[in-house]
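The structure appears below as structure tokens.
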């Protein structure tokens, strides 16, 4: 006899909570995603491939992925430093710094987008300095990189910080008592403990970067094949009422997102397992 | 109240937490369900309380089929292993909870409720802790508050899941006597779950030894000690 | 800096002072340049022509319509999301059923989908040339390029916020308090109102806070479904974009200041919740 679909329980509210959950999930998330997939199906695999397999689309998908990867790598390193400093050191202004880490989560992307553009445009506060060094940031891929660093900044820091706070100091003392230098302890003892959380944060930051739109389009310049990101391409197709092409690119992005979601889940399963071994 | 368990079984998927078991608990008895973890004793207790449902079989209260009664209708005073005190309510609010939950027609008025709460606090010999929150109590105090809360609803029976499990040895001894006294004063049919054979033998009128979802032996403590029915019972009570 | 003893021995669990200074310097400088500078820029640009100009631009009818629309959308989508989050968390943590892991993954799905793709999905489902959308337009109730579409897009991108916050908290609190209330005779609603809700209220507030910030600030998904009709379907972020592209910098940044203030208030409340009720929040509490 198999496991029953739903185990009978004395808890009240099964029908109500299940009804609300499944209705809203279907209406808001599943049916719309289904509509995208259905559109793709009616367009056909050949049609999707024909749309995606164009230099401008490839360039946009590759650009979105490559810069999201670069920004996520930057945030991986910077997030680890941030989390360590916030969890371990006590200094004036630490609370302010701690709150500031979450600002990219709270600040609307359009606001971040125009603010970053104002700063890094050739006549902006930071842009002027860069221009003197012969370095243009806004309206180049550098600008997109900076926007993606901004929106992805909290992920690694916020994933790792609680793990650092939980580390048993005796582990570090044991390492030191065995003759390890501090650097050796950090590399060989602390870093492995932080790795699963750091990778989770990295993957979240990457996923966010690939799909990001609001903070990027102002600073990107949106030059086809150079600074045109994949989500913008969808918006352009929609503005031309080219729904098939929009759906094709949307499905390509959805596939990338789902692949990343899967990898996040695998990382979490793997990290849970490796922590249990300790 | 007389409790009759008639061929109750409980399946979790393919595994049986309870094979069909039958048991008769005489009115006013103090019964221990004794067994190691996974023996099905807690499942049986939760089925009695209406928190879980049997896959087959019947439960009878005073001869009436109670299998279909909801947890609220059973009016079983249930003491949880973790006590499950409402952490955001004071001790008095915890004890008054069941009375305030009654429909208006049978709900005592506020003055009567506070009188009853005070009486229960006296009964558990903690008259002065009504205004405190569960987090401010010791383990033994929490257990007694949980007992008072269960008694407040004027239950038809008392069901306790490892009532002494989370306590240290000294407190455990004191509270055993406390439970015995409350049982003797109220005359409530009482069933408690334990994995501690000494506790079961010392406290209960009737001990039900369980293992792997089956009842191994039912008997008075001295009979079980003198004549263990199976090798399992022998090894378990001498362990 | 952390406690550095006056004598030469350093605690074996801290770094050399020079390294501590260097790491702290990187963290402070990095956050100042990457995060705080843009925030300052918002205020500086808004006040470029003085406070009067900034305030005047906010009194503009289009700006006011945008503020009203954004508030309306949040007022509809945030409560709906809270109801969903509570129901989903109750269903997932209070019952045992097959496919629970899949359900949780599906609830989390919107976090992994690009907002633009989310908007696209809603256009394809409810747009005037879709089956459902065509019928709705014929009934005089269009979804896309109208309020319902914006609400749906907002719901999509904020979908997991409340559920995600409540699920770990309710798993950790367990079912025994609710079971105890049931054995004491309380009805289902009473159990929820008197036992569950008080235990999850801070986590709920935390989730609602983050959900609200995202709902008011969402740009990508709304940009696709709104049609950007000035005074009608242009939310605050959309209006900011339109003003900015018309080179009305002060007006754009003035509206941005309003949203930035909302973000700051959100962070302030969030920090307060985290400090006072850390033990009852999923984000700050690891069992």
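Protein chains in written order, with the numbering used here: chain A, 3 to 280; chain B, -19 to 219; chain C, 1048 to 1334.
Ideal placement from N, C-alpha and C gives every residue a C-beta, glycine not left out.
Excluding its 5 nearest sequence neighbours in each direction, residue 4/B has C-beta neighbours in its own chain below 6 Å: -16, listed in chain order. Counting along the chain, residue -3/B sits inside the beta strand (DSSP E) bounded by residues -5 to 5. With respect to the C-alpha of residue 234/A, the residue from 243/A, 253/A, 213/A and 202/A having the closest C-alpha is 213/A.
Proximity of residue 216/A to chain C, defined by a Cβ-Cβ separation below 7 Å, is satisfied.
In this structure residue 111/B is exposed. Its beta-carbon is surrounded by fewer than 16 other beta-carbon atoms within 10 angstroms. The beta-carbon of residue 30/B is placed less than 7 Å from the nearest beta-carbon of chain A. For residue 7/A, the closest C-alpha among the options 1165/C, 1199/C and 1144/C is that of 1144/C. DSSP places residue 15/B outside both helix and strand once states are collapsed to three, so it counts as coil.
Using a CB distance cut-off of 7 Å, residue 116/B does not count as an interface residue toward chain C. If the five residues before and after residue 71/B are omitted, its C-beta is found closer than 6 Å to the C-beta atoms of 109, 110, 112 and 125, all from its own chain and listed in chain order.
Scanning its chain for C-beta atoms nearer than 6 Å, with the 5 sequence neighbours on each side dropped, one finds around residue 247/A the residues 53 and 239, in chain order. Any Cβ of chain C closer than 7 Å to the Cβ of residue 75/B would place that residue at the interface, and such an atom is absent. Three or more Cβ pairs closer than 8 Å define a contact, and the stretch 1183 to 1198 of chain C falls short of that threshold against the stretch 1208 to 1227 of chain C. Taking 7 Å as the threshold, the shortest C-beta distance from residue 1216/C to chain B does not fall below it. At a cut-off of 7 Å, the C-beta of residue 199/A has no neighbouring C-beta in chain B. Chain-order list of chain C residues neighbouring residue 78/B: 1228, 1230, 1231, 1232 and 1233, by C-beta distance under 9 Å. Residue 76/A is classed as buried because its beta carbon has at least 16 other beta carbons within 10 Å across all chains shown. Here residue 193/A is not near residue 269/A, since their CB atoms are 7 Å or more apart. In this structure, the CA atom of residue 1125/C is about 37 Å from the CA atom of residue 46/A. Beta-carbon to beta-carbon, residue 128/B and residue 1233/C are separated by about 17 Å, too far to satisfy the 8 Å threshold. Taking 7 Å as the threshold, the shortest C-beta distance from residue 1224/C to chain B falls below it.
At a Cβ-Cβ threshold of 7 Å, residue 149/B and residue 119/B do not count as neighbours. In this structure, residue 1129/C lies near residue 1255/C, with their beta-carbon atoms less than 7 Å apart. In summary, residue 1137/C is buried, with 16 or more beta-carbon neighbours lying within 10 Å of its beta-carbon over all protein chains present. A straight-line Cα-Cα distance of about 17 Å links residue 11/A and residue 38/B. In the three-state reduction of the DSSP assignment, residue 49/A falls in the helix class. The stretch 14 to 22 of chain B and the stretch 186 to 198 of chain B touch, with three or more beta-carbon pairs separated by less than 8 Å. Rounded to the nearest whole angstrom, the CA to CA distance from residue 122/B to residue 100/A is 39 Å. Judged by DSSP secondary structure, residue 186/B falls within the beta strand (DSSP E) whose first and last residues are 186 to 191. Against chain C, a Cβ distance below 7 Å from residue 68/B picks out 1245 and 1246. Classified as buried, residue 10/B has 16 or more neighbouring CB atoms from the shown chains inside 10 Å of its CB. Membership of residue 58/B in the beta strand (DSSP E) is indicated by the continuous run 56 to 59. Flagged as an interface residue toward chain A: residue 1284/C, by a C-beta distance shorter than 7 Å.
In the three-state scheme derived from DSSP, where H, G and I count as helix and E and B as strand, residue 141/B is classed as strand.
Under a 10 Å Cβ-count criterion, residue 1276/C is classified as exposed, with fewer than 16 other Cβ atoms of the shown protein chains found around its own Cβ. Annotation: Cβ neighbours of residue 103/A in chain C (cutoff 9 Å, chain order): 1078 and 1082.
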